[in-house]
Amino acid sequence: MKTRKIITLPLTTLVSSMVLTGCGGATSENVAAESEALTGSLIDSEVEGVEYQTTSGLTGVTNEHGHFDYHAGDEVEFRVGQLVLGSTEVAEDGLVTPMNLTEGVSYSSADLRQITADKQLQTQTTLMLRLLQSMDADSHPENGIQISEKLRNQLDQAELVNIQDTPFTEEELIAYNETLGSVIDSNQDGELDVSSEEAETHFVESVSSWENGYRSEEGNVENQDGAMIAYVTENHAEYFQPGTTDYPAPEFDDENYKVTWFIQSNTEEQAINMKRHIDFMASRTHMGETPRAWDKLFLMEGFFAQHHNYEVTVTINGNIVEVHKDSDNACSFEATKAHANAVSGDFFARGDTHADYSFAAEDLLTQEICAPYRDDIEAFIEENQEDK
Numbered sequence: 002m003k004t005r006k007i008i009t010l011p012l013t014t015l016v017s018s019m020v021l022t023g024c025g026g027a028t029s030e031n032v033a034a035e036s037e038a039l040t041g042s043l044i045d046s047e048v049e050g051v052e053y054q055t056t057s058g059l060t061g062v063t064n065e066h067g068h069f070d071y072h073a074g075d076e077v078e079f080r081v082g083q084l085v086l087g088s089t090e091v092a093e094d095g096l097v098t099p100m101n102l103t104e105g106v107s108y109s110s111a112d113l114r115q116i117t118a119d120k121q122l123q124t125q126t127t128l129m130l131r132l133l134q135s136m137d138a139d140s141h142p143e144n145g146i147q148i149s150e151k152l153r154n155q156l157d158q159a160e161l162v163n164i165q166d167t168p169f170t171e172e173e174l175i176a177y178n179e180t181l182g183s184v185i186d187s188n189q190d191g192e193l194d195v196s197s198e199e200a201e202t203h204f205v206e207s208v209s210s211w212e213n214g215y216r217s218e219e220g221n222v223e224n225q226d227g228a229m230i231a232y233v234t235e236n237h238a239e240y241f242q243p244g245t246t247d248y249p250a251p252e253f254d255d256e257n258y259k260v261t262w263f264i265q266s267n268t269e270e271q272a273i274n275m276k277r278h279i280d281f282m283a284s285r286t287h288m289g290e291t292p293r294a295w296d297k298l299f300l301m302e303g304f305f306a307q308h309h310n311y312e313v314t315v316t317i318n319g320n321i322v323e324v325h326k327d328s329d330n331a332c333s334f335e336a337t338k339a340h341a342n343a344v345s346g347d348f349f350a351r352g353d354t355h356a357d358y359s360f361a362a363e364d365l366l367t368q369e370i371c372a373p374y375r376d377d378i379e380a381f382i383e384e385n386q387e388d389k
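Under our numbering, the first residue of the sequence shown carries the number 2, and numbering increases by one thereafter.
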């Protein structure tokens, strides 16, 4: 039996959140290219055993986490033997789902959540979900989908088909290959083993799980709330200012209302998980669902986020997480600065995730720069603040 492994979605700021979140023997160009490889995730729960090839030349088989390697800008083709599932560009957060392959769209995490929650799925998407879940080796897709090497080898001998270019019906999928048919229609009733309702329900749960929790490659860190707080807290001392041994400190552009962080880590996993944390917290803040709803400063940022008064971007360059938060007014910018300065010491220096920065919001709300927003911010805080 496979062990359940949950991965997050990836999303955008530790400043607005908890902290702001081939071939060997080659030339230096090849070494650089290898260092820039990113990790994506094929998710309908984690899909293991699907072959992939990128336009930059990376190839392999997705692992138990659904992970595959790619370079920024790549298009990635996925297949099982000669059965080509399709190709797609990879979304910024590294997520690929059957929706990408059937609809040809790289959905944002927010769009994907809404679409799956409402079950606004196209017929071919649902059929792809049913196919993958019916191919699962132990018939329990809820603990991850594993496509066996035996099935891949059998389909290597099949006729080459691309079901993205030429969509199959349910009957055509079953009839395509005898071995595949015996796996996906095990009781030989002419229907895929997983029904449309089962497949869609599972996919909705999988998207939610991928976004709301993650287990590291070693399997020793799990955080079901998706904020990655357990992981980044455990590793807080592993993050530092590039080129120094100091903990990361924000940089401020007072004239243009910009906050920038360069957060160096020791490993790719640390960088990816810091980005996941920042992305998750920022996306929740922009949705008005800040996980720290007891903190007035977070709620103040939540107010500005909902009114589109700041934008957050997070990228990874090597093991450096680069965070940019751009405000459009002085009050929003000063809230970001207050948060960044406080967290820089409390979190990175000591791993403290419980400090309450409400005092900073209360001080800012007395200042003239926040006067135009004061009443609305105070009303927002009163409506949304929760007990710690």
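Ideal Cβ positions, reconstructed from N, Cα and C, are used throughout, including at glycine.
Checking the sheet assignment: what are the DSSP bridge partners for L43? L43 has V97 as its beta-bridge partners, per DSSP.
Report the three-state DSSP secondary structure of T286 (helix, strand or coil). Note: T286 maps to helix in three-state DSSP.
Span separating the alpha-carbon of Y71 from that of Y374: Those two C-alpha atoms are separated by around 44 Å.
By the DSSP assignment, the beta strand (DSSP E) with R80 in it spans what residues? It spans E76 to V81 - the beta strand (DSSP E) in which R80 sits, taken as one unbroken run.
Can you tell me the Cα-Cα spacing of V48 and Q165, whole angstroms? Straight through space, the alpha carbons of Q165 and V48 are spaced by roughly 18 Å.
With the cut-off set at 9 Å, would you say A423 and L298 are in Cβ contact? Here the chain covers residues 2 to 389 and nothing more, so residue 423 does not appear.
According to DSSP, K259 sits in a beta bridge with which residue or residues? K259 pairs with D254 and D327.
In whole angstroms, what separates the C-alpha of D255 from that of D327? Each residue's alpha carbon lies about 11 Å from the other.
Tell me whether Q125 sits in a helix, a strand or coil according to DSSP, three-state version. Here DSSP, grouped into helix, strand and coil, assigns Q125 to helix.
First and last residue of the uninterrupted beta strand (DSSP E) at S248: Note that residue 248 corresponds to Tyr in the displayed sequence, not to Ser. Where Y248 is concerned, there is no enclosing beta strand (DSSP E), given that its DSSP letter is neither H nor E.
Is A362 near A336, with beta carbons less than 9 Å apart? Yes, Cβ-Cβ distance for A362 and A336 is below 9 Å.
Measure how close the beta-carbons of N320 and T268 come, nearest whole angstrom, since I'm counting them as under 8 Å. At roughly 7 Å, the Cβ-Cβ gap stays under 8 Å, so N320 and T268 are in contact.
Alpha-carbon to alpha-carbon, D388 and W295: W295 and D388: Cα-Cα distance of roughly 5 Å.
May I ask you to check if the CB of A343 is nearer than 8 Å to at least one heavy atom of the ligand MN? Of ligands this structure carries none, so the ligand MN is not represented either.
Boundaries (first-last residue) of the beta strand (DSSP E) holding Q54: First-last of the beta strand (DSSP E) with Q54: E52 to T55.
Could you tell me the alpha carbon to alpha carbon distance between A33 and L39, rounded to whole angstroms? The pLDDT assigned to A33 is 37, lower than 50, so where the model puts this residue is not dependable, and the model offers no usable value.
Count the other CB atoms within 10 Å of the CB of G214; is the residue buried (16 or more) or exposed (fewer)? In this prediction, G214 has a pLDDT of 36, which is less than 50 and means its spatial position is unreliable; what the coordinates show is noted afterwards. That one is buried.
Secondary structure at F169, three-state DSSP: helix, strand or coil? Shown here, F169 sits in coil according to DSSP, grouped into three states, outside any helix or strand.
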